[in-house]
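The opening position of the sequence shown corresponds to residue 7 in my numbering, with each subsequent residue numbered one higher.
Down below is the structure, laid out as structure tokens.
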Amino acid sequence: METKYQKIMKQIIYTVLFLVAIGLTGCQKAEYLLFNDIARVQMDEANEILTSFYYMDAAIGRDTVYLTVNTIGDPENRVRQIALEQISEYDVEYKYDEKGNLIDSILTEKPNKAVAGVHYVPMDDPEMLPLLVIQPNAVTAEIPVILLRDASLKEDDYRLCLRLKATDDFRLGETGKLSGTIVLSDKLSKPNFWNSSVDRYYFGVYSTRKHEFMIEVMQTEISDAWWNKLSADYAEINYTKDKLRDALQAYNDDPDNKVQGLAPMRENQNDPNSALITFPS
């Protein structure tokens, strides 16, 4: 038989559980309203797209890269307008005291910001407006960004960071999914996949000359898309490593290359002290 004390405690517990349940229901309802009171728009997870005119014919002056845009809320049977704007990007440096407490932070704008009309077609250009749309009954779209092949891209990489803007048709979605960055050039640039693990286990330290040599040997683009496909097949990775090592050995053993001072292959062939090109065994 329950004592009077046990009955009181049980009533208190039931009351607390009831209030918690109401609170959770209220939170869920508030969150539901947040995403369903009006249509919203956002991108995929924060991403950085690396692209280059390097592999294209010299006569090609424009290229198109696509940003995936998703909607939140029900689809509608009409064309809906979205909007994009270029924003600056910043590196953050944190300063700490001797006890490890944060005392300051310094924002530095990232260099080589892409220039509208020079490196890309502006987002408010009449050519772009019909492209910045969500089609009827669609909940996602691949939004084209038109890139321009300016001579400056042969010297440096330029960064184009685009952020979604609210329109009459859409408010904004999650804060961390509102922008995407395109890094464009007209030269070989270190691919995003080439990290410390790739250095150690697959292709060694990156250099432009090594990148060029890999393209010559493999007869294809050496890019993030190439690596994404290759890395799914371990046997193909090993085959590629062996092929590159054998090709480098053949290049360095070639008497003509030795006579011309091209062998052994170096990162900078004009500098006899430059590091040798190697591939891990």
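Ideal Cβ positions, reconstructed from N, Cα and C, are used throughout, including at glycine.
One or two residues paired with residue i in a DSSP bridge
| i | result |
| --- | --- |
| residue 49 | 75 |
| residue 100 | 111 |
| residue 55 | 188 |
| residue 164 | 190 |
| residue 69 | 153 |
Beta-carbon proximity check, residue i vs residue j, cutoff 9 Å
| i | j | result |
| --- | --- | --- |
| residue 190 | residue 168 | no |
| residue 93 | residue 173 | no |
| residue 61 | residue 180 | no |
| residue 171 | residue 73 | no |
| residue 183 | residue 275 | no |
| residue 120 | residue 44 | no |
| residue 161 | residue 194 | no |
| residue 185 | residue 281 | no |
| residue 253 | residue 223 | yes |
| residue 56 | residue 229 | yes |
| residue 156 | residue 192 | yes |
| residue 220 | residue 250 | yes |
| residue 71 | residue 150 | yes |
| residue 233 | residue 285 | no |
| residue 165 | residue 95 | yes |
Simplified DSSP state of residue i, which is helix, strand or coil
| i | result |
| --- | --- |
| residue 92 | strand |
| residue 197 | coil |
| residue 158 | helix |
| residue 150 | strand |
| residue 119 | strand |
| residue 105 | coil |
| residue 287 | coil |
| residue 173 | coil |
| residue 138 | coil |
| residue 28 | Any reading at residue 28 must be qualified, since the residue scores a pLDDT of 44, below 50, and its modelled position is unreliable; the value itself is stated next. Three-state DSSP puts residue 28 in a helix. |
| residue 34 | Low confidence applies to residue 34: its pLDDT is 44, below 50, so where it sits in the model is not reliable enough to give any reading. |
Beta carbon proximity, residue i to chain D, threshold 9 Å
| i | result |
| --- | --- |
| residue 227 | The structure shown contains no chain D, having only a single protein chain. |
List in chain order: all unbroken alpha helix (DSSP H) runs of 4+ residues lying wholly within the stretch 205-284. 214-224, 230-236, 240-259 and 261-265, all fully within the stretch 205-284.
The stretch 207-217 touching the stretch 124-136, judged by at least three CB pairs closer than 8 Å: Counting C-beta pairs closer than 8 Å gives fewer than three between the stretch 207-217 and the stretch 124-136, which falls short of the contact rule.
Three CB pairs or more closer than 8 Å across the stretch 101-115 and the stretch 50-70: no
If you pair each beta-carbon of the stretch 69-86 with each one of the stretch 139-148, do three or more pairs fall below 8 Å? yes
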